[in-house]
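As structure tokens, the structure follows; a few thoughts come after it.
Numbering (the working numbering), first residue to last: 3 to 135.
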């Protein structure tokens with residue numbers, strides 16, 4: 003298993019080339035190890051790599067799965083990302099049959115947590131999308 007905090011730290015170094023050569027494949031491996039031990043930051047970071055197909059094959063379902071776990075642990079970055087990801091998949095019909103209303107709910111909750119103006123605008127856009135369905 004290993005130390006999740008150490009694995010997440012190593013993954014960060016590998017992601018950004020901080021003191022080691024940049025290697026997204028290895029970064030993804032260490033994020034996944036830490037994520038599977040419950041590290042919420044690693045869960046979110048692994049979800050981002052899965053969504054973008056960096057270091058791992060692109061897999062929107064896997065991205066949502068790991069970000070749901072991180073968001074459920076209270077990671078506000080994961081909540082914002084998850085809302086955007088759900089809205090994106092609902093709008094373009096990719097991979098997951100997500101209703102825009104669910105994406106809006108996630109974004110509104112995250113916006114309330116952060117007070118972030120950009121997040122609130124995205125939540126409003128998602129709500130507007132729902133109203134037109």
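A virtual CB, placed ideally from N, CA and C, is assigned to each residue, including glycine.
* To do: With a threshold of 16 other CB atoms inside 10 Å of the CB of residue 7, please say whether the residue is buried or exposed.
  => Exposed, by the Cβ-count rule.
* Which word fits residue 86, buried or exposed, when buried means at least 16 other C-beta atoms lie within 10 angstroms of its C-beta? -> Under this definition residue 86 is a buried residue.
* To do: Kindly list the residues whose CB is nearer than 8 Å to the CB of residue 54, restricted to its own chain and excluding five residues on each side of it in sequence; keep chain order.
  => Counting only Cβ-Cβ distances below 8 Å, and skipping sequence neighbours, we find 60.
* Work out the CA separation of residue 63 and residue 13 for me, nearest whole Å. => Residue 13 and residue 63: Cα-Cα distance of roughly 22 Å.
* Compare the Cα-Cα distances from residue 31 to each of 21, 49 and 20 and report the closest residue. => Ranked by Cα distance from residue 31, the first of 21, 49 and 20 is 49.
* Is the Cβ-Cβ distance between residue 10 and residue 44 less than 8 Å? -> At a Cβ-Cβ threshold of 8 Å, residue 10 and residue 44 count as neighbours.
* To do: Determine the closest residue to residue 4 out of 84, 90 and 39, with distance taken between C-alpha atoms.
  => Ranked by how close their Cα comes to the Cα of residue 4, the residues 84, 90 and 39 have 39 in first place.
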